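Listed in order, the protein sequences are those of chains D and Y. Letter by letter, the first sequence follows residues 1447 to 1813 of the numbering used here. Letter by letter, the second sequence follows residues 2 to 172 of the numbering used here.
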Amino acid sequence: MKKRKTDAPSAAEKDAVTPAADALASDPAACANVTADCAAPAAESAAEGVVSPTSAPISSAPAPDAPAPRRLRDRFIDGLLLVLAALPFVACMVLKVLTTPASEGVEIHGAQVYFTIPMPIQPLRVSEAQVVSLAVVLSVLFLCLYLTRGLSPRGHSRRQIICETVVGAADGLVRDNMGERFAGFAPFIAAVMALSALSSLSSLLGLFPPTSDLNVVGGWAILVFILITVYKCKGGIGHYLKGYLEPFFVMAPLNVISEVATPVSMTFRHVGNVLSGVAISTMIAAALDGLSKLVLGAIPFLRTVPLFRVGLPAVLSLYFDLFSGLLQAFVFAMLSMLYITTGFPEEKYLERQQKKRAKAARRRAKS
Amino acid sequence: MPEVQGLITVNIWQIVISLCNLLILFLILKKFLFKPVQAMFARRKEELDTLYRDAEDAKTEAARSRMLYEDKLAAADEEARGIVRRAMTQAGEVSDEILADTGRKVEQMKIKARRDLEQERKQMINSVKDEVAEMSVDIAEKVVGREIGEEDHRAMIDRCIAQIGQTDRRA
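As structure tokens, then:
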């Protein structure tokens, strides 16, 4: 019953969104015997297909029956999407619990490999990092579907506000840092941030954070590197290649190294931060475990409980998992924006565009 | 015992998968978050624009109709003042006419009254004359009836005249 009561405001909120529910609320037959303060429970019971005592006399009215299934379906879909958004992480946790062997002692290692698929160059090892990455993608997909349901120009539901804030913030960040020309990068930067942040935060659920896997972050950095190169080539490939010979041709090897260093440094910065957090957390936990055994070893019942592990790891987790994870996501996104924007030769690009246009105009004039 | 990856390993396929993951997430966010929200923003902007335009239109319309009303009101005022002025001049004219008419009538009445008086006087004088003649005849009879001296004559004539004066005054 208590749960139901807490549902009431959200039900009233949905009233404002769906026109069908509006019709239900404004239906005079439905409101005839219902006073203002019991309107919400009545509407709720109508939505659930249950006839409450107050609405018993009007249950024969045909109007309230029509919108009820639609509202019920709406709420069902909302719930389903939320469950689907949470399910990937739950599945990952279950998988981890089922497959992790009981181990003694401290061991810092990479992700657990679930199975290996033979591939041409190198066998693909599907590890926990891959699975959690996929979980993040799926979760974000369902979250997006949930959040964008029932958007309306005049709506101001909680979901809509979240949507508008996220999109507005990403758009504003990209416009501020990259300029109007790159405004289309907003979803990409948002994707980088979401993937990185949620991957790092998955460690809060006890999962292996994919951001501490070199291959995962390396993939993102390579994609960013491809984008950087593509935008550098917008000024013409010749112009791009000439850039390596500056200030004089002897510098070419160094220029190549500095070019390659970009994705490598991005990767190592991100991975190093998260991985070091994991390593330090693990070591401190092990140390506290040892201390606990040393001090409380003599006491019969407390011997098996690592009492000293209570407290400090949680505080450290606040920094290493929450703060560091979010910060690195932000840093990665900022660096991506910065590299792409600064690599883009704007003047050369505009010059080329002008030349192209002039050429097209000449061709048109000829024909 | 499941296999465990080393802390730092490189696996090309994992890199490719991760790259694809980011691409897929980018597409997901673009299609399922940014597109609907931006479409909503566009719709909201459109709605706001039409609202503003409508409001602007209504405002200019109101201003226009107010000016129209004011013009009309001013015209009506002018007209009313004209009507009053015309009525007043008309009334002045009418009253002048009436006054003149009245004056004329009074004048006529005066003239008539004077004429009547004159006539009456004439009539009276005539009647007095008649009476004087009659009296003269009477007196003559009386004179004829008895001897009269000079003094008697004089006295008689005096009496006569006195009588005439009396009768004249009486008439």
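No residue lacks a Cβ here, since even glycine has one placed at the ideal position from N, Cα and C. Here the structure is a predicted model, which is why all the values come from computation and not from measurement.
Neighbourhood of residue i by C-beta, 8 Å cutoff - its chain only, sequence neighbours within 5 removed
i       : result
L24/Y   : none
K1451/D : At K1451/D, the pLDDT of 41 sits below 50, so the modelled position is not reliable and the matter cannot be decided from this model.
T10/Y   : none
K1542/D : Q1558, E1574, G1652, L1653 and F1654
L1691/D : M1697, A1698 and N1701
Q164/Y  : M136
R1755/D : A1731, L1734, D1735 and S1738
P1534/D : L1580, A1581, V1582, L1584 and S1585
I1668/D : P1709
I140/Y  : M157 and C161
P1569/D : T1562 and I1563
N- and C-terminal bounds of the alpha helix (DSSP H) containing residue i
i       : result
A1561/D : Position check: residue 1561/D holds Phe in this sequence, whereas Ala was assumed. Taken as a continuous stretch (DSSP letters only), F1561/D belongs to no alpha helix (DSSP H), being part of the beta strand (DSSP E) at V1559 to I1563.
V1710/D : A1698 to L1742
S1585/D : E1574 to L1593
V1662/D : L1660 to K1678
S1645/D : A1632 to L1647
I1683/D : I1683 to K1688
G1618/D : R1604 to M1624
N22/Y   : I13 to I29
Close beta carbons around residue i, own chain, < 6 Å, minus the five adjacent residues each side
i       : result
V1720/D : S1646, P1655, T1657 and S1658
D1767/D : S1649 and L1650
A1725/D : I1554
E4/Y    : none
E1494/D : Summary for E1494/D: the model assigns pLDDT 41, below 50, so the residue's position carries little reliability; its value from the coordinates is reported in the next sentence. If we look at E1494/D and ignore the five residues flanking it on each side, it has no Cβ neighbours.
D1468/D : Residue confidence is low: D1468/D scores 42 on pLDDT, short of 50, so the model does not pin down where it sits. No coordinate-derived value is stated.
G1789/D : I1674, Y1677 and K1678
Close beta carbons around residue i, own chain, < 7 Å, minus the five adjacent residues each side
i       : result
R1682/D : The residue asked about is misnamed: residue 1682/D is Gly in this sequence, not Arg. Excluding sequence neighbours, G1682/D sits near K1794 and R1798.
L1593/D : R1605, I1608 and C1609
D1483/D : Because D1483/D sits at a pLDDT of 40, beneath the cut-off of 50, its placement in the model cannot be relied upon, and the following sentence gives the value as read from the coordinates. Counting only Cβ-Cβ distances below 7 Å, and skipping sequence neighbours, we find nothing.
P1499/D : The predicted position of P1499/D is uncertain, since its pLDDT is 41 and thus under 50; a value taken from the coordinates is nonetheless stated next. Once the five neighbours on either side are set aside, P1499/D has no close Cβ partner at all.
A1807/D : none
A1640/D : V1586
F1671/D : T1708 and P1709
Near the ligand HEM: residue i beta-carbon under 6 Å from a heavy atom
i       : result
P1534/D : In the structure shown, the ligand HEM is absent, as is every other ligand, since no ligand is present at all.
Integer Cβ distance of residue i from residue j, believed to fall under 8 Å
i       : j       : result
P1633/D : K31/Y   : 4 Å
V1620/D : F1631/D : 5 Å
V1638/D : A1531/D : About 20 Å; that fails the 8 Å criterion.
M1783/D : L1653/D : Their Cβ separation, rounded to whole angstroms, is 28 Å, which puts M1783/D and L1653/D out of contact at 8 Å.
L1438/D : L1527/D : With chain D represented from 1447 up to 1813, any question about residue 1438/D goes unanswered, as that position is not in the structure.
S1579/D : V1662/D : 6 Å
F27/Y   : L1587/D : In fact, because the Cβ distance is near 12 Å, the residues do not count as touching under 8 Å.
T1708/D : Y1785/D : 6 Å
G1556/D : L20/Y   : Contact flag wrong, Cβ pair sits at about 19 Å.
G1665/D : V17/Y   : 7 Å
I1567/D : I13/Y   : 6 Å
S1642/D : A1775/D : 4 Å
D1524/D : R1595/D : 7 Å
| request: Output the residue ranges of the alpha helix (DSSP H) runs that lie fully inside the region 1756-1807 of chain D and measure 4 residues or longer, sorted by chain position. | output: Qualifying alpha helix (DSSP H) stretches, in chain order: 1758-1763 and 1770-1789.
| query | Quick one, which residues of the region 1523-1550 of chain D are near chain Y if we go by CB-CB under 7 Å, in chain order? | reply | Of all residues in the region 1523-1550 of chain D, T1545 and P1547 have a Cβ within less than 7 Å of some Cβ in chain Y.
| request: Identify each residue in the region 1613-1633 of chain D for which the Cβ-Cβ distance to at least one residue of chain Y is less than 7 Å, and report them in chain order. | output: Result list: V1613, A1632 and P1633.
| task | Check each residue of the region 1552-1574 of chain D: if its Cβ is closer than 7 Å to any Cβ of chain Y, include it; give the result in chain order. | result | Answer in chain order: I1554, H1555, G1556, A1557, Q1558, V1559, M1565, I1567, Q1568, L1570, R1571 and S1573.
| Of all the residues that make up the region 19-32 of chain Y, which are near chain D by a beta-carbon distance shorter than 9 Å? | Within the region 19-32 of chain Y, the residues whose Cβ lies closer than 9 Å to some Cβ of chain D are S19, L20, C21, N22, L23, L24, I25, L26, F27, L28, I29, L30, K31 and K32, listed in chain order.
| task | Return the chain-ordered ranges of every alpha helix (DSSP H) run that is complete within the region 42-113 of chain Y and spans a minimum of 4 residues. | result | Whole alpha helix (DSSP H) segments, 4+ residues: zero.
| said: What are the residues in the region 1641-1670 of chain D lying within 7 Å of chain Y by C-beta distance? | reply: Result list: L1641, L1660, N1661, V1662, G1664, G1665, W1666, I1668 and L1669.
| field | Contact residues within the region 40-62 of chain Y, judged by C-beta distance below 7 Å to chain D | value | Flagged, chain order: M41, R44, R45 and E48.
| Name the residues in the region 68-81 of chain Y whose C-beta lies less than 9 Å from a C-beta of chain D; which are they? | For chain D, none of the residues of the region 68-81 of chain Y brings a beta carbon within less than 9 Å of one of its beta carbons.
| Of the residues that make up the region 1760-1792 of chain D, which ones have a beta carbon closer than 9 Å to any beta carbon in chain B? | In summary, chain B is missing from the structure at hand, where the protein chains are D and Y.
| request: Using a Cβ-Cβ cut-off of less than 7 Å, list which residues of the region 1705-1723 of chain D approach chain Y; keep chain order. | output: Correct list: empty, as no residue qualifies.
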